[in-house]
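Enquirer: The following block contains the structure, expressed as structure tokens.
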Amino acid sequence: MDTVVAELVAVLLDTDDIEVALRYIADAVSRTLIQRPLVLLTVHHDGQVLTALSAGTELIDGIQHTAAHGPHLACLRTGQPILTTRASDAQRELPAGVHSLCAYPLRAYGKVTGVLALYSRTPDRLSTRTLLAVQAAADSTGLLLNAATHLTRRIAVTAQLRQALRRQVVIDQAIGVIMALLGCDADTALDNLRLAAQPNRCELADVAAGVVASTGLMWPGPGTSGQ
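Sequential numbering of the sequence shown, starting at 2, is according to our numbering.
Listed below in structure tokens is the structure:
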């Protein structure tokens, strides 16, 4: 299972698409285990519940219904592991062709953030070694997904701040141009810039960029450092 964790770290560093990462994790866990179980991964992310299924799960009749309403969701609600077999009271909740289910909560700093569920297609009971490996994978996945989510948010905020800074720089440059042309103060120059943007509902920064471009000056557009 250490290999799965290493692969998980690599894929989280390589993509900022959480759904792509979830599908990869589901596939990685499935192919690591001898029974090749169907893996279902459900997480809370930005106010949504996202679900990923390992390859081959689409061949199981009713698996989509199970993903949305299956017994693994009790694990998500309670934070308690679940082990269900055909012989248990919950057998009617298992899709056809599935003999057992084990589900472990994903946690990050004590908070349940998702669930890692295995649907076994073989009648053999999952071994204690397998269950321990799944629990370890769930523990690592919860922490790594939480870290990746926070990193993605920070990257997005940083990008927004940089974009806002670039826009402010070109607006300031345009104000300087208008002040020089009209011999007015900064407030009046900004008012003129806003008036120019209103008729076509243009972004103020776009109008400012046009003003600056008309003078032949360089301004820090998208992807530039502004230096």
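Each residue gets a CB set at the ideal place from its N, CA and C atoms; glycine is no exception.
Small disclaimer: the values here were computed from a predicted structure and weren't measured.
How would you label Asp90, buried or exposed, when you count the other beta carbons within 10 angstroms and need 16 or more for buried?
Expert: Unreliable positioning characterises Asp90 in this predicted model, as indicated by a pLDDT of 49, which lies under 50. A coordinate reading is not provided.
Enquirer: Please determine if the region 188 to 203 and the region 135 to 153 are in contact, where contact requires at least 3 C-beta pairs separated by less than 8 Å.
Expert: no
Enquirer: Val213 lies in the alpha helix (DSSP H); which residues open and close that run?
Expert: Secondary structure note for Val213: its alpha helix (DSSP H) is the uninterrupted segment 205 to 215.
Enquirer: Enumerate in chain order the residues of its own chain whose CB-to-CB distance from Thr131 is below 8 Å, with the five nearest sequence positions on each side excluded.
Expert: Leu34, Ile35, Gln36
Enquirer: Leu196 and Ala118 - do their beta-carbons sit closer together than 8 Å?
Expert: No, the pair does not count as a contact, with Cβ atoms beyond the cut-off.
Enquirer: Short of 7 Å in beta carbon distance, which residues of its chain neighbour Ala175, apart from the five on each side in sequence? Order them along the chain.
Expert: Leu194, Ala209, Val212, Val213
Enquirer: Under a Cβ-count criterion, where at least 16 other Cβ atoms within 10 Å of its own Cβ denotes burial, should Asp207 be classed as buried or exposed?
Expert: exposed
Enquirer: Just the C-alpha distance for Asp47 and Val178, rounded to the nearest angstrom, thanks.
Expert: 43 Å
Enquirer: How big is the Cα-Cα spacing for Leu183 and Arg168?
Expert: 22 Å
Enquirer: Can you name the start and end residues of the alpha helix (DSSP H) that Arg24 belongs to?
Expert: First-last of the alpha helix (DSSP H) with Arg24: 19 to 33.
Enquirer: Is it the case that the Cβ atoms of Ser128 and Pro38 are separated by a distance below 8 Å?
Expert: no
Enquirer: Can you tell me which of the three DSSP states His1 falls into?
Expert: No statement about residue 1 is possible, as the shown extent of the chain runs from 2 to 228 and does not include it.
Enquirer: Take Pro223 and list the residues in its own chain whose beta-carbon comes closer than 8 Å to its own, dropping the five residues that flank it on each side.
Expert: Here the model assigns Pro223 a pLDDT of 40, short of 50, so the residue's position is not dependable, and the following value carries that caveat. Excluding positions up to five away in sequence, the list reads Gln164, Arg167.
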